[in-house]
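Asker: I am attaching a structure below and will ask some questions about it afterwards.
Numbering (our numbering), first residue to last: 22 to 435.
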């Protein structure tokens, strides 16, 4: 499968995130990616999905679990996982060493972004078989993230360390907190709630700037449900769940702390948006908006001279009409030229801009993915870069993310 060939390249690229602070990297959809995955694949186990479980404590620290789930639906996979389980038990440091290094880089980036001292400690790995009733092999990497949440008196503010966290259509993020706390703010609205727990699914939600954000207060009422449901949320995957971003766990986490600064620096280093066409460069193309972004100022007829006669007035009127018709024709020609450019010659950003313009200045992000035949991961990556550059704006309409041109709602000059 594509995952086996892509995993090593992805993990190498993850290291570059910390060195170059580049934008998000996409991996093939429908496969598990993230730190600590490479040794599993080398053992012949290719996980189907990943689950992110974050448990926040009253002092702002958090216990993280990155769980790789493999469906044991044939004998070869079952035997391979049994061998992997034995190897993890015998040689855990072979699995945690590289994982710890990458998580340290992730936490350092988040620390720089939030201004809080942070560290990752107590990194461990474990493997087990679970029957639910289907059999799954689960490899869990665990670590403790100090000062993950901000503490403000009796309040905990969670989310700034993973702002803009990317969830693809099969991903799931599970956030839990102590019994004595309850949420006063949950943004965006959770797709599911359990006792002291909120869950976001990538199929329903995308985090934008300032999200996720959960404010917890001592004594506030928490969502009421049974403790059994909470355990199920953390332990039982849905059939189609792939609860970790296809950009990779480490890439997604690394981008959290440095998303705005890093994406802006990277895009500016590759060129800026202008009116002359697309810039060269893979993975961070900037688009120029020809014809639609700038228009030649329409020629104004010279009316400063007094017209002495009706015939002269008619001539002036004819000249004015001719000038206006010429400008209108030029504008139409420019628009036609822009429309005639084959889509394969446009950058990703230009294609998005052309699509938004064709829909009157705004469009649902999901429609962009559908119209351009892009994955959710690629669409989110391109859109995020354009929002950071100010080329487009985004806002939430119910559960839908809507994109629009910045000038779409500006009033015309008087």
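Glycine included, every Cβ here is placed at the ideal spot set by N, Cα and C.
Model, not experiment: these values are computed from the prediction.
How about residue 71 and residue 88: are their beta carbons less than 8 Å apart?
Answerer: Against a cut-off of 8 Å, the Cβ pair of residue 88 and residue 71 comes out as a contact.
Asker: Give the straight-line distance between the Cα atoms of residue 425 and residue 228, rounded to the nearest whole angstrom.
Answerer: If I take the Cα positions, the gap works out to 17 Å.
Asker: For the structure I just gave you, are there three or more beta carbon pairs, one from the region 215-233 and one from the region 192-203, closer than 8 Å?
Answerer: At 8 Å Cβ cutoff, the stretches touch.
Asker: Return the chain-ordered list of same chain residues with a C-beta closer than 8 Å to the C-beta of residue 181, the five sequence neighbours on each side being excluded.
Answerer: Here the set comprises 134, 135, 171 and 234.
Asker: Where does residue 229 sit, in a helix, a strand or coil, going by DSSP?
Answerer: Of the three classes helix, strand and coil, the one that applies to residue 229 here is coil, per DSSP.
Asker: Please return the same chain residues whose Cβ sits closer than 8 Å to the Cβ of residue 142, not counting the five positions on each side in sequence.
Answerer: Correct list, in chain order: 164, 165 and 167.
Asker: Measure how close the beta-carbons of residue 403 and residue 371 come, nearest whole angstrom, since I'm counting them as under 8 Å.
Answerer: Contact doesn't hold; Cβ gap of about 10 Å is too wide.
Asker: Kindly identify the DSSP beta-bridge partner or partners of residue 157.
Answerer: 92 and 151.
Asker: Three or more beta-carbon pairs under 8 Å between the region 95-108 and the region 120-128, yes or no?
Answerer: Verdict: no, contact absent.
Asker: Measure the C-alpha to C-alpha separation of residue 408 and residue 400 and round it to an integer number of angstroms.
Answerer: Distance between the alpha carbons of residue 408 and residue 400: 12 Å.
Asker: Where does residue 237 land, buried or exposed, given buried means 16+ other C-beta within 10 angstroms?
Answerer: Buried.
Asker: Measure the alpha-carbon distance for residue 239 versus residue 416 and round it to whole angstroms.
Answerer: Going by the C-alpha atoms only, they are around 31 Å apart.
Asker: If you count every other CB in all the chains shown that lies within 10 Å of the CB of residue 315, and 16 or more means buried, which is it?
Answerer: Because the pLDDT at residue 315 is just 37, under 50, the model does not fix this residue reliably, and the value given afterwards should be weighed accordingly. Under this definition residue 315 is an exposed residue.
Asker: Looking only at its chain, what residues have a beta carbon closer than 6 Å to the beta carbon of residue 137, apart from the 5 residues adjacent to it on each side?
Answerer: Result list for residue 137: 168, in chain order.
Asker: Here's a check: name, in chain order, each residue in its chain whose Cβ is nearer than 6 Å to the Cβ of residue 437, leaving out the five neighbours to either side.
Answerer: Here the chain covers residues 22 to 435 and nothing more, so residue 437 does not appear.
Asker: Would you call residue 210 buried or exposed, if buried means 16 or more other Cβ atoms sit within 10 Å of its Cβ?
Answerer: Exposed: under 16 other Cβ atoms inside 10 Å.
Asker: Verify whether the separation of the beta carbon atoms of residue 74 and residue 116 is less than 8 Å.
Answerer: Cβ atoms of residue 74 and residue 116: not closer than 8 Å.
Asker: Could you please give the first and the last residue of the uninterrupted alpha helix (DSSP H) stretch that includes residue 120?
Answerer: Run containing residue 120: 114-135, per the alpha helix (DSSP H) assignment.
Asker: Assuming the contact rule is C-beta atoms closer than 8 Å, residue 375 and residue 367 should be a hit. Round their C-beta distance to whole Å, please.
Answerer: Their Cβ separation, rounded to whole angstroms, is 7 Å, which keeps residue 375 and residue 367 in contact under 8 Å.
Asker: Using only alpha-carbon positions, find the residue among 220, 120 and 205 that is nearest to residue 76.
Answerer: Checking every option, the nearest Cα to that of residue 76 belongs to 220.
Asker: Quick check: residue 427 and residue 411, are their CB atoms within less than 8 Å of each other?
Answerer: Taking 8 Å as the Cβ cut-off, residue 427 and residue 411 qualify as a contacting pair.
Asker: If I measure Cβ to Cβ from residue 392 and keep anything under 7 Å in the same chain, skipping five residues before and after, which residues do I get?
Answerer: Contacts found: 376.
Asker: According to DSSP, which residues form a beta bridge with residue 71?
Answerer: 89, per the DSSP bridge assignment.
Asker: For residue 419, count the other beta carbons within 10 Å of its own beta carbon; 16 or more makes it buried, fewer makes it exposed. Which is it?
Answerer: So residue 419 counts as exposed.
Asker: Determine the contact status of residue 69 and residue 91, defining contact as a CB-CB distance below 8 Å.
Answerer: Yes, Cβ-Cβ distance for residue 69 and residue 91 is below 8 Å.
Asker: Using the Cβ count rule (16 or more neighbours within 10 Å means buried), how would you classify residue 206?
Answerer: By the neighbour-count rule (16 or more Cβ atoms within 10 Å), residue 206 is not buried but exposed.
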